[in-house]
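S.K.: Okay, handing you the structure first.
Structural data, given as structure tokens:
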């Protein structure tokens, strides 16, 4: 969706290194989410944040960390503790309306070797 | 706990044939959303269903929410090559109005 920027599109790292994925939005949406997608599979929630300086773990938070210091930004750090970090990472935003749809960025494809 | 199954996992159709994907829940859902993800792309919101027995149409796409709000379907009439992609249902995580859980998706291939 226009207004959500994920960078970079492709990212390569060596095993044992931490890496931070960027997600910036100018939609003025309150909530932001990080999902992970593995080939041929659905989306699994890593972390989400409903307001600045607050975030909650999703289904697969182990090995990941986030921060929400600004409304516009929700960076995701993939730490060396994440056993299988190679995946497609999607950031999404949601406005303040209950049950409103998610708007996704274009994603970052992370490869760790 | 809540379990939602999306079927089929894969579907290959000849162009012009119809296609249907289903999401079936073990518990009542407050609402359900449908998304489409083109190959190499990101999920894009299609529609939300909230009411029991609701039916919504978008051109060749028909979305239904079951009377018991445990089942939903997406039907495409006369598929086109532009319909290729993976279709996901998404539903609220129990006890959360915001956290969405995604079904495993149905990957549609349309053969010309």
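Chains as they are written, first to last, in my numbering: chain H, 1 to 113; chain Y, 114 to 225.
The beta carbon of each residue, even a glycine, is placed where N, CA and C say it ideally should be.
(1) Whose Cβ in chain Y lies nearer than 8 Å to the Cβ of residue 8/H?
(2) Determine the closest residue to residue 147/H out of 198/Y, 121/Y and 157/Y, with distance taken between C-alpha atoms.
(3) With a 10 Å radius around its C-beta and 16 neighbouring C-beta atoms as the bar for buried, classify residue 81/H as buried or exposed.
(4) Can you look up residue 54/H in the DSSP assignment and give me helix, strand or coil?
(5) Contact defined as beta carbons within less than 8 Å: I believe residue 9/H pairs with residue 109/H. What is the distance between those atoms, to the nearest angstrom?
(6) Answer with yes or no whether the minimum CB distance from residue 116/Y to chain H is below 8 Å.
(7) What does the Cβ neighbour count give for residue 12/H, buried or exposed, with the cut at 16 atoms within 10 Å?
(8) Can you say whether residue 51/H is buried or exposed, counting buried as having 16 or more other CB atoms within 10 angstroms of its CB?
(9) Applying a beta-carbon distance threshold of less than 9 Å, which residues of chain H neighbour residue 176/Y?
(10) Excluding the 5 residues preceding and the 5 following residue 35/H in the sequence, name in chain order all residues of the same chain whose CB lies nearer than 7 Å to its CB.
(11) Pairs of beta-carbons, one from the segment 146 to 161 of chain Y and one from the segment 193 to 208 of chain Y, closer than 8 Å: are there three or more?
(12) Of the choices 212/Y, 167/Y and 132/Y, whose alpha-carbon is the least far from that of residue 96/H?
(13) How is the beta strand (DSSP E) around residue 36/H delimited, first residue to last?
(14) Spatial neighbours of residue 142/Y within its chain, please: C-beta separation below 6 Å, excluding the five flanking residues on both sides.
(15) Is the beta carbon of residue 176/Y sitting closer than 8 Å to the one on residue 160/Y?
(16) So with CB distances below 8 Å, who are the chain Y contacts of residue 104/H?
(17) Considering only C-alpha positions, which residue in the set 132/Y, 219/Y, 128/Y and 136/Y is nearest to residue 117/Y?
(18) Name the one or two DSSP bridge partners that residue 24/H has.
M.R.: Answer, in terms of the structure:
(1) Result: empty, since nearest Cβ-Cβ is about 15 Å, beyond 8 Å.
(2) Because chain H in this structure spans residues 1 to 113, residue 147/H falls outside the shown range and cannot be described.
(3) Residue 81/H comes out exposed.
(4) Strand.
(5) Their Cβ separation, rounded to whole angstroms, is 7 Å, which keeps residue 9/H and residue 109/H in contact under 8 Å.
(6) No, because no Cβ of chain H sits closer than 8 Å to the Cβ of residue 116/Y.
(7) With fewer than 16 Cβ atoms within 10 Å of its Cβ, residue 12/H is classed as exposed.
(8) Classification of residue 51/H: exposed, given that the 10 Å Cβ count is below 16.
(9) Near residue 176/Y there are no residues of chain H at all, since even the closest Cβ is about 13 Å away, more than 9 Å.
(10) 43, 44, 45, 46, 90 and 92, listed in sequence order.
(11) They touch, by the three-pair rule.
(12) Nearest option by C-alpha distance: 212/Y.
(13) First-last of the beta strand (DSSP E) with residue 36/H: 31 to 37.
(14) Annotation for residue 142/Y: 182 and 204 place their beta carbon closer than 6 Å to its own, counting only its chain and skipping 5 residues before and after.
(15) With a cutoff of 8 Å on beta-carbon distance, residue 176/Y and residue 160/Y are scored as near each other.
(16) The answer, in chain order, is 155, 156 and 157.
(17) Of the listed residues, the one whose Cα sits closest to residue 117/Y is 136/Y.
(18) Answer is 5/H and 73/H.
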